[in-house]
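J.: Residue numbers (the numbering used here): 2 to 404. Pasting a structure below so you can have a look.
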C-alpha cells in the first residue's frame with residue numbers, strides 16, 4: 002500500500018508539473034510587433050537589389066535602374082506571427098505602394114510605404130521636405146523628392162539620423178527637442194537641417210549625450226542595443242554611380258565649448274583632447290566619402306556592404322573623401338557660410354564598376370565630431386542647407402568619367 006501511495010504521489014506531481022508547463026506555454030502572450038524586417042525577391046531578381054533601407058514606416062529597395070519593377074513578387078520577412086492584410090499581392094511597383102502588416106495578437110497594425118527605387122541618387126539636397134516618422138513620437142526625418150524613373154515624383158528616404166535612438170530615452174520630446182530637426186532658419190528655400198548635442202542622462206543606458214547627426218544611409222537597432230552599440234546602428238552609404246569632384250554646402254556652427262567624456266551614469270570624467278590636434282574645443286563634422294561597397298562586404302565579418310560608426314573614416318574600402326578640416330569647424334558666427342571642399346582620392350575608381358553601382362556614397366553632418374563616442378559639449382549646434390555634389394562628367398558613349 003505504501004508503495005502504491007508513493008507511486009500515486011509521483012504521478013500526481015508529474016501531472017501537476019506537466020499541466021503547469023502546458024499552461025505556461027498556452028498562456029504565453031502573442032507577439033505585438035507588426036514590422037517588416039526584410040524584403041527579398043525570388044531567383045536572379047534578388048541580385049538586382051543594390052541595397053535596402055527599412056525604417057519605422059517605409060521600405061526603400063534600391064535596385065538597378067535597368068531593372069523592370071512592373072512585375073515582381075516581393076517576399077516580406079515579418080515579425081514573429083505577423084501577417085500582411087493589405088498589399089501583399091501587389092506585383093507592380095512602378096510607383097510607391099502601401100503594405101499593411103497586422104501583429105500576431107491582432108491588436109496592432111502598421112502601414113508601410115514600399116518603394117522599389119529604380120533611380121539614381123540625386124546630387125543636390127535642399128532639406129525642404131521632412132516627415133514625422135512615428136505617430137506617438139514627434140521626431141522628423143528629411144527626405145528628397147526625385148523622379149522615380151517612371152515619370153513620377155517620389156519621396157526618397159535616403160537620409161537618416163539618430164533620432165529613433167534618442168526617442169527610447171526621451172519619447173515625449175518635441176520635434177525641436179530631438180538631436181536632429183528641421184528649422185525655418187535656412188540659407189534658402191523652406192527649411193534647413195539643424196543638429197544639436199543634447200543631454201540624455203542615465204536613462205540613456207550608457208549613452209549620456211546625443212549629438213545631432215544627418216547622414217546618407219540608415220539608423221537601425223536590429224540585433225543590437227542602440228544605446229550601448231550606437232556605432233553599429235549607423236549604417237553609412239547608398240550605391241552611387243558618379244565620381245564626386247567637389248563637396249559644396251552652406252552651414253553655420255556654434256560650439257558650446259570644451260569636449261568632455263562621460264561615464265555610463267552621465268557624470269563627466271574629464272576634458273577630451275582631440276587625438277590629432279590636442280585641442281579640447283568641440284567642433285562639427287561635415288564630410289563625404291566614396292567607398293567600394295564590394296570591398297566593404299568582403300572585409301566585413303557579416304558581409305555588410307555599408308560602413309558603420311567604427312569604420313566610416315578608417316575603412317580599407319574607402320576610395321575618396323572630402324572633409325571639413327579648417328578652423329570653420331569650430332564655429333562660424335550667426336551667418337551661413339559657403340564651403341567648397343575638393344575630393345581627394347587614395348584609390349582609382351573603375352568606370353565600369355562605377356556604372357554597375359559597386360561604389361557607395363556617404364555624406365555625414367554632426368553637431369559634435371566625436372558625438373558617436375559620447376564625447377562633446379552640450380549645446381553645440383549646427384545648421385546645414387543646400388548641399389551639392391559636383392561630379393566629374395561622363396565620357397560620351399563609355400559610361401566612364403573624365404578626370
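Heads up, the beta-carbon is just placed ideally off N, CA and C, and yes, glycines get one too. The structure presented is a predicted model; accordingly, all values stated were derived computationally and were not measured.
(1) Would the beta-carbon of residue 119 fall within 7 Å of that of residue 68?
(2) Should residue 110 go down as buried or exposed, given a rule of 16 or more other Cβ atoms within 10 Å for buried?
(3) In the DSSP assignment, what are the bridge partners of residue 240?
(4) Could you work out which residue in 300, 336, 49, 302 is closest to residue 189 when comparing CA atoms only?
(5) Assuming contact is defined by CB atoms lying nearer than 7 Å, are residue 259 and residue 281 in contact in what I supplied?
(6) Just to confirm, is the Cβ distance from residue 181 to residue 162 under 7 Å?
(7) In terms of residue numbering, what span does the beta strand (DSSP E) encompassing residue 271 cover?
(8) Do residue 284 and residue 237 have their C-beta atoms closer together than 7 Å?
(9) Please state whether DSSP places residue 167 in a helix, a strand or coil.
(10) Beta-carbon separation of residue 126 and residue 365 under 7 Å?
(11) Report the CB separation of residue 381 from residue 255 in whole angstroms; it is logged as a contact under 8 Å.
(12) From 100, 322, 355, pick the residue whose C-alpha is nearest to that of residue 341; which is it?
(13) Which residues in the same chain as residue 201 place their Cβ atom closer than 8 Å to its Cβ, once the five residues preceding and following it in sequence are excluded?
(14) Could you compute how far the alpha carbon of residue 290 sits from the alpha carbon of residue 176?
(15) Would you kindly check if the distance between the Cβ of residue 64 and the Cβ of residue 84 is under 7 Å?
(16) Less than 7 Å between the beta carbons of residue 146 and residue 130, yes or no?
(17) What are the boundary residues of the alpha helix (DSSP H) that residue 356 is part of?
(18) One question on the structure: do residue 60 and residue 40 come within less than 7 Å of each other, judged by their Cβ atoms?
(19) Does the Cβ of residue 269 have 16 or more other Cβ atoms within 10 Å, making it buried, or fewer, making it exposed?
(20) Only counting the same chain, and skipping five residues up and downstream in sequence, which positions put a Cβ closer than 6 Å to that of residue 369?
(21) Under the three-state reduction of DSSP, which class applies to residue 331: helix, strand or coil?
(22) Would a C-beta distance cut-off of 7 Å place residue 71 and residue 153 closer than the cut-off?
(23) If you check the beta carbons only, do residue 128 and residue 192 fall under 7 Å apart?
(24) Between the alpha carbons of residue 384 and residue 288, how many angstroms are there, rounded?
(25) To the nearest angstrom, how far is the alpha carbon of residue 311 from that of residue 374?
(26) Looking at C-alpha atoms only, which residue of 112, 263, 286 is the closest neighbour of residue 216?
(27) Please return the same chain residues whose Cβ sits closer than 6 Å to the Cβ of residue 139, not counting the five positions on each side in sequence.
(28) Within the same chain, show all residues whose beta-carbon is closer than 8 Å to that of residue 316, passing over the 5 residues directly before and after it, in chain order.
(29) Within the same chain, show all residues whose beta-carbon is closer than 6 Å to that of residue 304, passing over the 5 residues directly before and after it, in chain order.
(30) Name the DSSP beta bridge partners of residue 128, please?
(31) Give me the Cβ distance between residue 344 and residue 248, rounded to the nearest whole Å; I'm assuming they're in contact under 8 Å.
(32) So, for residue 334: in the same chain, excluding its five sequence neighbours on each side, which residues have a beta-carbon less than 6 Å away from its beta-carbon?
(33) If you draw a straight line from the alpha carbon of residue 148 to that of residue 107, how long is it in whole angstroms?
(34) For the beta strand (DSSP E) containing residue 299, name the first residue and the last one.
(35) Looking only at its chain, what residues have a beta carbon closer than 6 Å to the beta carbon of residue 23, apart from the 5 residues adjacent to it on each side?
(36) Alpha carbon to alpha carbon, how far is residue 348 from residue 273? Give it in angstroms, no decimals.
T.: So, to answer that:
(1) The answer is yes: Cβ separation under 7 Å.
(2) By the neighbour-count rule (16 or more Cβ atoms within 10 Å), residue 110 is not buried but exposed.
(3) Residue 240 is bridged to 361.
(4) That would be 336, whose Cα lies nearest to the Cα of residue 189.
(5) Against a cut-off of 7 Å, the Cβ pair of residue 281 and residue 259 comes out as a contact.
(6) At the C-beta level, residue 181 and residue 162 come within 7 Å of one another.
(7) Looking at the DSSP string, the run of the beta strand (DSSP E) that includes residue 271 is 269–272.
(8) Not closer than 7 Å, so no.
(9) Collapsing the DSSP output to three states places residue 167 in a helix.
(10) Their beta carbons are not under 7 Å apart, which means residue 126 does not touch residue 365 by this criterion.
(11) Contact annotation, residue 381 with residue 255: C-beta distance approximately 7 Å; criterion of less than 8 Å satisfied.
(12) Selected option, being the one with the closest Cα: 322.
(13) The residues 167, 170, 171, 208, 209, 210, 211, 267, in chain order, have a CB closer than 8 Å to that of residue 201 in the same chain once the five nearest residues on each side in sequence are set aside.
(14) If I take the Cα positions, the gap works out to 29 Å.
(15) No.
(16) Result yes, Cβ atoms of residue 146 and residue 130 sit closer than 7 Å.
(17) It spans 352–356 - the alpha helix (DSSP H) in which residue 356 sits, taken as one unbroken run.
(18) Yes, Cβ-Cβ distance for residue 60 and residue 40 is below 7 Å.
(19) So residue 269 ends up on the exposed side.
(20) Take residue 369, set aside five residues on each side of it, and the residues of its chain with a beta-carbon closer than 6 Å to its own are 198, 212, 283, 377, 381, in chain order.
(21) In this structure, residue 331 counts as helix in the three-state DSSP scheme.
(22) With respect to residue 153, residue 71 sits apart: the two C-beta atoms are not nearer than 7 Å.
(23) Between residue 128 and residue 192, the gap from beta carbon to beta carbon is short of 7 Å.
(24) In a straight line, the C-alpha of residue 384 is about 14 Å away from that of residue 288.
(25) When rounded, the distance between both Cα atoms is 10 Å.
(26) When only C-alpha atoms are compared, the closest one is 286.
(27) Correct list, in chain order: 175, 176.
(28) 292, 297, 300, 308, listed in sequence order.
(29) Answer for residue 304: 298, listed in chain order.
(30) Partner residues in a beta bridge of residue 128, as assigned by DSSP, do not exist.
(31) Correct: roughly 7 Å between the Cβ atoms.
(32) In its chain, beyond the 5 residues on either side, no residue has a beta carbon closer than 6 Å to the beta carbon of residue 334.
(33) About 37 Å.
(34) Counted as a single uninterrupted DSSP element, the stretch harbouring residue 299 is not any beta strand (DSSP E) but the alpha helix (DSSP H) occupying residues 294–300.
(35) Confidence is the limiting factor: at residue 23 the pLDDT is only 41, short of 50, which leaves the residue's position unreliable, though a coordinate-based value still follows. So no residue of the chain qualifies.
(36) Straight-line Cα distance between these residues: approximately 33 Å.
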